[in-house]
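So the sequence shown is numbered by this note's numbering: it starts at 16 and just counts up by one. Written below as structure tokens is the structure these notes are about.
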Amino acid sequence: MRYKMKLRKRSTVVLVLLIAISIVFLYLYLSYMKEKRVEEVDYGTLFSSLGIQEITPPLKAPDFTLKNLEGFSVSLKDFAGKVVFLNFWATWCGPCRDEMPSMEKLWQRFKEEAFVILAVDLREEKEEVNSFMKDYGLTFPVLLDSKGEVGSMFGVRAIPTTYLIDSEGRIVGRALGARDWANEDAFDLIEHLLPETKAD
16 MRYKMKLRKR STVVLVLLIA ISIVFLYLYL SYMKEKRVEE VDYGTLFSSL
66 GIQEITPPLK APDFTLKNLE GFSVSLKDFA GKVVFLNFWA TWCGPCRDEM
116 PSMEKLWQRF KEEAFVILAV DLREEKEEVN SFMKDYGLTF PVLLDSKGEV
166 GSMFGVRAIP TTYLIDSEGR IVGRALGARD WANEDAFDLI EHLLPETKAD
């Protein structure tokens with residue numbers, strides 16, 4: 016009887032170990048496949064599929080300083096070494112509202128990486144913008160361009176307009192109009208732009 020109990024316990028331990036080992040191998044395999052997929056993607060094609068104008072050669076992004084919704088000054092240079100998703104928008108803009116949920120998903124996907132979204136609202140009051148963010152359940156950083164000066168600096172003529180700035184502070188892409196930023200092509204593009212030390 017005791018022998019059978021010991022044998023049963025031993026079998027249970029072996030089974031648990033096998034399951035644990037299987038989980039570890041599955042995790043390693045999925046991580047490998049993810050990295051392999053990112054490496055094999057043609058990023059010129061990704062820009063095209065997302066309707067993003069690839070800026071070649073990349074242009075140095077001009078620095079600026081704006082207030083956030085908490086009233087603190089924020090500069091582009093504060094995010095040196097990070098990929099910056101710079102989006103110009105306004106609460107009254109229908110296409111801007113349409114793409115905001117996908118921007119939130121993008122933010123949730125990469126906010127722990129060397130990545131930041133800076134959503135620059137043009138010519139609106141803080142209270143109006145703050146209310147909009149709460150109503151839509153949006154948590155990414157917002158800056159207030161109350162005079163439209165930064166928008167003019169970046170040549171924004173229509174909204175939404177989005178600039179992708181790499182970790183070296185260079186503008187590598189521009190998107191005019193709304194996009195679905197929560198699809199695999201967008202995720203792959205951001206993965207590609209992340210500094211190697213953060214993407215691994």
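We put the CB at the ideal spot given by N, CA and C, even for glycine.
Exercise. Taking buried to mean at least 16 other C-beta atoms within 10 Å of its own C-beta, is A193 buried or exposed?
Worked result: Burial call: buried.
Exercise. If you draw a straight line from the alpha carbon of K51 to that of V89, how long is it in whole angstroms?
Worked result: In this prediction, K51 has a pLDDT of 49, which is less than 50 and means its spatial position is unreliable; what the coordinates show is noted afterwards. One C-alpha to the other measures close to 36 angstroms.
Exercise. To the nearest angstrom, how far is it from the Cα of L208 to the Cα of K120?
Worked result: Rounded to whole angstroms, L208 and K120 show a C-alpha spacing of 18 angstroms.
Problem set entry | Sequence-distant residues of the same chain with beta carbon closer than 6 angstroms to V68, five excluded per side | For the sequence presented, residue 68 should be read as Gln rather than Val. Closer than 6 angstroms at the Cβ level, and outside the excluded window around Q68, lie R189.
Exercise. What's the C-alpha gap between E55 and E211?
Worked result: Any answer about E55 is weak, because its pLDDT of 48 lies below 50 and its placement is not dependable; what the coordinates show is given next. Roughly 15 angstroms separates the two Cα atoms.
Problem set entry | Environment of L30 [buried if 16+ CB atoms lie within 10 Å] | Exposed.
Exercise. Is it true that the CB of V144 sits closer than 7 angstroms to the CB of D150?
Worked result: No. Outside cutoff.
Exercise. Exposed or buried, what is S182 when buried is set at 16 or more other beta-carbons lying within 10 Å of its beta-carbon?
Worked result: Label assigned to S182: buried.
For this session: Figure out for me which residue from G170, F155, P73, I36 has the closest Cα to the Cα of L84.
Result: Closest option to L84, Cα to Cα, is F155.
For this session: Mind the definition here: the stretch 167–177 touches the stretch 97–117 only if three or more C-beta pairs lie below 8 angstroms; say whether that holds.
Result: Short answer: they touch.
Problem set entry | Under 7 angstroms between C-beta atoms of L158 and L133 | Contact annotation: L158 and L133 have beta-carbon atoms nearer than 7 angstroms.
For this session: Within the stretch 58–144, note down every full alpha helix (DSSP H) run reaching 4 residues or more, in order along the chain.
Result: The stretch 58–144 is shown to contain whole alpha helix (DSSP H) runs of 4 or more residues at 58–64, 109–125, in chain order.
Exercise. Which residue comes first and which comes last in the alpha helix (DSSP H) that contains I205?
Worked result: Per DSSP, I205 belongs to the alpha helix (DSSP H) from 199–208.
Exercise. Under the rule that 16 or more other beta-carbon atoms within 10 Å means buried, what is L107, buried or exposed?
Worked result: The question names Leu, but residue 107 is Trp in the sequence shown. With fewer than 16 other Cβ atoms inside 10 Å of its own Cβ, W107 counts as exposed.
For this session: Per DSSP, which residues does A190 bridge with? Please list them.
Result: Looking at the DSSP assignment, A190 forms a beta bridge with T177.
Problem set entry | Start and end residues, beta strand (DSSP E) containing V157 | Its beta strand (DSSP E) spans residues 157–160.
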